[in-house]
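Peer 1:
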Amino acid sequence: MKHPPIFGYLAEFETPTELVDASRKVYEEGYRKIDAYSPFPIEAASEALHFETRLPLIVLIGGLTGLATAFAMQYWISAIDYPLNVGGRPFNSWPAFIVVCFELTVLFSAFSAVIGMFALNGLPLPYHPVFNVPRFAAVSNDRFFLLVEASDPLFDGQGTPALLRGMNPAGVWEVPY
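The letter at position 66 of the sequence shown is residue 360 when you use the working numbering, and the numbering goes up by one with no holes.
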């Protein structure tokens, strides 16, 4: 697949409020391939970008997998592979399985949360085109950036930077690959 000549346009803002307002306006214009960068989490930016995560579903599936694995493992051991009569209870006495089921549910949930977070964030990501903009280093300190990617269907080489400049940013930069 051939890349467009640039990755997109990056606008710098001085306050989180400006970033959130700009994110909201860009989204309302119809752009969907947009991202916000800040030195700390901004909940309103996620809402302005209409960011939805699938991580809770991944954690739920991981937890249910852990629960099913623990129950199946204990059932196999207690009722099929090594049946042991303890106090006249049935071989598949599920109350004895509760502790191990809980522990494996928590373990699988935690592992799926970490692995899911890495996968959904595209990590590890040692290189991203925004690193080619020298001013982007300020995102680690006190600046806020909004990126509109060139792969967005509404992206226009003249219209998109003009839209960003209309929001009074501290600067707008072309992001090369």
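All C-beta atoms in this analysis are idealised placements derived from N, C-alpha and C, irrespective of residue type, glycine included. The model shown is predicted, which means the values in this text are computed figures rather than measured ones.
Residue range of the alpha helix (DSSP H) that Ile352 falls in?
Peer 2: Where Ile352 is concerned, the enclosing alpha helix (DSSP H) stretches over Leu349 to Tyr369.
Peer 1: Would you list the residues sitting across from Asp315 in a DSSP beta bridge?
Peer 2: Answer by DSSP bridge pairing: none, since Asp315 is not bridged.
Peer 1: From Thr309, Ala342, Ala338 and Gln368, pick the residue whose C-alpha is nearest to that of Glu323; which is it?
Peer 2: Considering only alpha carbons, the answer is Ala342.
Peer 1: Taking Pro350 as the reference, give the member of Ala407, Pro428 and Leu441 with the closest Cα.
Peer 2: Selected option, being the one with the closest Cα: Ala407.
Peer 1: Could you check the C-alpha separation between Phe385 and Arg348 for me, to the nearest Å?
Peer 2: Roughly 39 angstroms between the two C-alpha positions.
Peer 1: Apart from the five residues on each side of it in sequence, which residues of its chain come closer than 8 angstroms, Cβ to Cβ, to Thr363?
Peer 2: Contacts found: Leu398 and Phe402.
Peer 1: Which of helix, strand or coil does DSSP assign to Leu441?
Peer 2: Here Leu441 sits in strand by DSSP.
Peer 1: Among Val314, Val320, Glu312 and Glu308, which residue has its Cα nearest to the Cα of Pro455?
Peer 2: Out of Val314, Val320, Glu312 and Glu308, Val320 has the C-alpha closest to the C-alpha of Pro455.
Peer 1: Based on Cα-Cα distance, which residue from Ile355, Pro428 and Pro335 lies nearest to Phe405?
Peer 2: When only C-alpha atoms are compared, the closest one is Ile355.
Peer 1: Under the three-state reduction of DSSP, which class applies to Ala464: helix, strand or coil?
Peer 2: In this structure, Ala464 counts as coil in the three-state DSSP scheme.
Peer 1: Could you tell me which of Ala316, Lys327 and Tyr325 sits nearest to Ala338, measuring between CA atoms?
Peer 2: Comparing Cα-Cα distances from Ala338 to each of Ala316, Lys327 and Tyr325, the minimum goes to Ala316.
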